[in-house]
Structures are given as structure tokens and as C-alpha cells.
Amino acid sequence: MAKRSGGLRFQPSGGEKKPQVPTGKKQRLSIERLANDGRGIAFLDNRTWFVDGALPEEDVEARVLNARSQIVEARTERVLTASDRRRAEPCPHARVCGGCNLQHLSAADQLELKQRSLAEQLSRVASIEPQQWAAPLSGPEFGYRRRARLAVRWDHKARRLDVGFRASASQDIVAIRECLVLVQPLQTLLPALLAVLHALDKPQVIGHLEMFSGTAEAVLVRHTAALGSGDLQRLVDFANEQNAQLWLQGEGPAQPLDPAYRLGYRLPAWDLELAWRPGHFVQVNAPVNEAMVTQALEWLAPEPGERVLDLFCGLGNFSLPLARKGAEVVAVEGIGEMVERARTNAEQNGLQSAHFYQADLSNPLIEAQWAKGGFAAVLLDPPRDGALEIVRQMATLGARRVVYVSCNPATLARDAAELVGQGYQLKQAGVLDMFPQTAHVEAMALFERPA
4 MAKRSGGLRF QPSGGEKKPQ VPTGKKQRLS IERLANDGRG IAFLDNRTWF
54 VDGALPEEDV EARVLNARSQ IVEARTERVL TASDRRRAEP CPHARVCGGC
104 NLQHLSAADQ LELKQRSLAE QLSRVASIEP QQWAAPLSGP EFGYRRRARL
154 AVRWDHKARR LDVGFRASAS QDIVAIRECL VLVQPLQTLL PALLAVLHAL
204 DKPQVIGHLE MFSGTAEAVL VRHTAALGSG DLQRLVDFAN EQNAQLWLQG
254 EGPAQPLDPA YRLGYRLPAW DLELAWRPGH FVQVNAPVNE AMVTQALEWL
304 APEPGERVLD LFCGLGNFSL PLARKGAEVV AVEGIGEMVE RARTNAEQNG
354 LQSAHFYQAD LSNPLIEAQW AKGGFAAVLL DPPRDGALEI VRQMATLGAR
404 RVVYVSCNPA TLARDAAELV GQGYQLKQAG VLDMFPQTAH VEAMALFERP
454 A
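Just so we're aligned: the sequence shown equals residues 4 to 454 in the working numbering.
If you want it as C-alpha cells, here you go:
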């Protein structure tokens, strides 16, 4: 019998080479625990099986998606013995759509999984635990997503247009009729959008679609060839009937059908409105975004006139509230178009204490003119690969407080180890449930360096 250690099995040395597990094979499995990505884990034939849609203490029939030496990836086809923790998925597409992989788990259990994932990464990678765990920041289970990208594919053989989201572990498109995680205005817009697309003379020229909701609702249509006059008119009529903006994108950047169109979102707690365009990064979950900004400002606790550095500032999601609080904000972003938009947002909100700069944040910060003089506090909101080069320079900036907003617990843990090595202490950390019904984990951590 194979031995178990920490939930994983040791493989016997030597012996015959194990036979391949063919893709598509169905296998009965007993699930022992959950992986941090929400898949069930089973052990069979000295292999570890990761099973999408399965829960601990369940027996399932799963279909093999991919197999390599010691690891098999599979998807639940039938639940033979269900866990008490399993719930019926509210969405009819949940078992095939790749957008939501945890609808069979309650909201409380989803949060528990995400908190465990964050804690394990901090412990395993950085050997640290925060002095205090912050309560998770969460919002509605459904109806939270204010932007979404829809895949489009024309099936020449079947003469059929498929519109929807990518299937789980596949490039196939799940043709959706509804999407429960969309905010209500987009749920209302979706059926009319699907209807007009299927009425087009040449739907095969549509590349993909994006839907937005904020200060206005909007649809971006990416087309790979020129739209015919009749199809263009159909799209215009659809937009007018739905009171939605229509944006078109061919070879170049997205362009509004009407130059007067404006897209934006509000941060009511600070009486702010931020403008943006398709292609700019905007947090998809408005309630959690506002709670996240509130917590970040509470943890940074800037005094009026204190210099605060906001790195990867984007449109000014954190910079403008910090300036509204009276801080002198230096905000840095790598994308020039975003920097210009952030400057405009500051001007339109009457803020003179937020100063925006474009810079390659992989270069030494201390050499930049805007970094001279040091900072009381630093806020980081980097992409998934983290900000290791920046945190290696953190002590040179003189900041006593650092708030790190992360969309990847693994790189947060790696960067946390570097900060701790520079004398910072991990005071608080907590989960941001930006994407309910998925295993995606966002987090916030507060580091302080003693005086």
C-alpha cells in the first residue's frame, strides 16, 4: 500500500512504467480534499487526480481531460455520492462554462477556501502569518460583474453563430442564454444583443464582444472585416433601442459610434467619477472595489500633506481617493494612455494633489525624479506576476507603511518574504472576494516597519 504524507502519496521507486491514462476515459473516484483552485483531489494508481466540480467525501464519475506521469486532470460527469456541502448550481451553464467553477459550493465555503489558499501561500512560501487576519471583503454572490468579454465563433459547416464563454478546460464556446454573475443592466441587455447578432447578414466578421456597465451601458463589437451597411444599421438600432453606447473596433483602437459617448464609474464615498475607455483596466466588482479602496485608505492612514506613492495606479482608483483625503500623491503607471486618463480624471474631479507619471516599474525607483524625497506610505496594486523588483527597493523609499493589493497569493507571498527581510512586519492580511463563484483569490496585506 502506498504511504501518505501531508495528503500526497509517495511514489514507489523503480518498478514498471505505469500505463498512460487516455484522454476521455471515465473513472470512478473518491474525493479526499479540495485543492486551492477549487478542484477535488483523489488518489488512484499512485497518481494524484484533480477533478473539476467535485467535493471532499464524494464519489464521482469523472472524465479525463489531460494526463501526465503523476498527475491527471479530470471533470466530474456524474456525482454518485454527494457531499452535504454540495448545492444545486443556480446557473444552467455552470457545469460546462469556464467562467464559474465553484457554483456547487456555498458562498461561505468559497470564502473559507480562498482564505485557506492565502494562508497556505503565506506560510509555505514566506513562513509568515499576519499579526491579525482581516475579515473578508465580499459583496453580492451574483449580479456583480460590470464588464464581460464574450467569445464569438462562426461555424461554417453548420452555418451557426456561437456566442458565449469558453468551456472549462477547452477552447469550445458555451452558447449562453443568460449569465447570472452579470450586473442586472447587462443581464437585461444580453438577450437583445444575442438576437441582433443572430440577425446579421455576415455574423462571421464579428471577432469578439465586450459589455460594460457604469455611468452608462455599452457594447464593444470587434470586427475582423468591414461591417456591411445593413448590419451596421442593425447594431445602431439595437443600441438606440437599449439606450446603450455602441463602440466598434477594427484594426485600431476602439472607437465610439458617437464622439460624445463617455464611459465611467463612480466612487460615491469620495464623490469621485473616473472616466475610462474600452481596453483600460477597471475592477469588475463595484461593491468590492469600493470596500477595497476604503480598507486600503484605512490601513495607509495618510495624514494631510503626507507623501504617498501609488504604484501601478491605472486610472487613479486609489490615487484619487487618497488625494481627496488630503495626501500628496505620486502615482506611477507603465501605460502612457492610462497615465493621461488618470491626469484627466484628477483634473475633472478638482484634485491638484495627485501627480501622475509614466515609468517602467522594472527599473530602479530611486533614480526617478518623482521618487526623490521619500514617502510616508506606499500602495502597490501589481499584475499577477507581482512586484518583486519594486519590493526589493522598498526600504530605500523610506516608507513605514506598505499596502499590497494582490491578484495572486503566490506572488504576494514571495514579495512578502522580501519585505519581511527588509525589516517590515506583516500586520494584517485578508481576502478580497472580487470574483464570487470562482476560485480566483485577491488579497490585501499591510506591512509596517518599526520606527
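We put the CB at the ideal spot given by N, CA and C, even for glycine.
Leaving aside the five residues before and after V199 along the sequence, list all residues of the same chain whose C-beta is less than 7 Å from its C-beta, in chain order. Answer for V199: R237, L238, F241, listed in chain order.
Would you check if the segment 408-427 and the segment 107-127 touch, i.e. whether three or more CB-CB distances between them fall below 8 Å? Segments in contact, yes.
Beta-carbon contacts of G401 that lie in its chain and below 6 Å, excluding the five residues immediately before and after: The residues are G377.
Taking the alpha helix (DSSP H) that K117 falls in, what are its first and last residues? Counting along the chain, the alpha helix (DSSP H) containing K117 begins and ends at 110-129.
Closer than 6 Å by C-beta to A219: which residues in its own chain qualify, once you throw out the five before and the five after it? Chain order, please. Residues of the same chain with a CB within less than 6 Å of the CB of A219, apart from the 5 flanking positions on each side, are Q248 in chain order.
Is K375 close to the ligand ADP? I mean its beta-carbon at under 6 Å from any heavy atom of the ligand. Although the ligand ADP was asked about, the structure shown includes no ligands whatsoever.
Can you tell me whether T84 is helix, strand or coil according to DSSP? Residue state, collapsed to three classes: strand.
Could you tell me which residues DSSP puts in a beta bridge with G27? G27 is not bridged by DSSP to any residue.
Please state whether the Cβ-Cβ distance between S356 and A334 is less than 7 Å. S356 is not a Cβ neighbour of A334, given a cutoff of 7 Å.
Quick one: any contact between the segment 128-137 and the segment 190-207, if contact means 3 or more CB pairs under 8 Å? With the cut-off at 8 Å, the segment 128-137 and the segment 190-207 do not touch.
Could you tell me if D274 is buried or exposed, where buried requires 16 or more neighbouring beta carbons within 10 angstroms of its beta carbon? It counts as exposed.
Can you give me the Cβ contacts of R344 inside the same chain, cut-off strictly under 7 Å, excluding the 5 residues immediately before and after it? If we look at R344 and ignore the five residues flanking it on each side, its Cβ neighbours are A278, W279, H283, L318.
Residues of its chain near L312, where Cβ-Cβ distance is below 6 Å and the 5 sequence neighbours each way are ignored: Excluding residues within five positions, the ones whose Cβ falls inside 6 Å are V333, F378, V381.
Taking its Cβ as the centre, do 16 or more other Cβ atoms sit within 10 Å of E301, making it buried, or is it exposed? Label assigned to E301: exposed.
Can you tell me where the alpha helix (DSSP H) with H96 in it begins and where it stops? Counting along the chain, H96 sits inside no alpha helix (DSSP H), nor does DSSP assign it H or E at all.
Which residue comes first and which comes last in the beta strand (DSSP E) that contains H226? For H226, the enclosing beta strand (DSSP E) starts and ends at 220-226.
Bridge partners of D204, per DSSP? Per DSSP, none; premise fails for D204.
Would you list, in sequence order, the uninterrupted alpha helix (DSSP H) runs of no fewer than 4 residues that lie entirely inside the segment 382-422? With a minimum length of 4 residues, the continuous alpha helix (DSSP H) runs that stay inside the segment 382-422 are 391-394, 397-400.
Does DSSP put N288 in a helix, a strand or coil? Correct three-state label for N288: strand.
Identified DSSP bridge partners for F53: Under the DSSP definition of a beta bridge, F53 partners with I44, E76.
Candidates N352, L354, R346, I393: which alpha carbon is nearest D363's? Looking at the Cα atoms, I393 is the closest of the given residues.
Nearest-angstrom Cα separation, counted from Q23 out to N349: Note on identity: in this sequence residue 349 is Ala, with Asn being the wrong assignment. One C-alpha to the other measures close to 59 Å.
On the DSSP letters alone, give me the boundaries of the alpha helix (DSSP H) that R89 sits inside. Counting along the chain, R89 falls outside any alpha helix (DSSP H), and DSSP gives it neither H nor E.
Span separating the alpha-carbon of G253 from that of M397: Going from the Cα of G253 to the Cα of M397 covers about 42 Å.
What are the uninterrupted segments assigned as alpha helix (DSSP H) that are 4 or more residues long and contained completely in the segment 137-216, given in chain order? Whole alpha helix (DSSP H) segments, 4+ residues: 187-201.
Using the DSSP secondary-structure output, state which residues sit across from G376 in a beta bridge. G376 pairs with nothing; no bridge assigned.
When the distance is taken between beta carbons, is V63 closer than 7 Å to V82? Less than 7 Å divides the Cβ of V82 from the Cβ of V63.
If you draw a straight line from the C-alpha of D388 to the C-alpha of A416, how long is it? Whole-angstrom Cα-Cα distance: 11 Å.
Quick one: what does DSSP say S232 is sitting in, helix, strand or coil? In the structure shown, the three-state DSSP call for S232 is helix.
Measuring only the C-alpha atoms, how far is A186 from P143? Contrary to the premise, residue 186 reads as Val rather than Ala in this sequence. Distance between the alpha carbons of V186 and P143: 10 Å.
Where the beta strand (DSSP E) through L275 begins and ends: Segment 275-279, the beta strand (DSSP E) holding L275.
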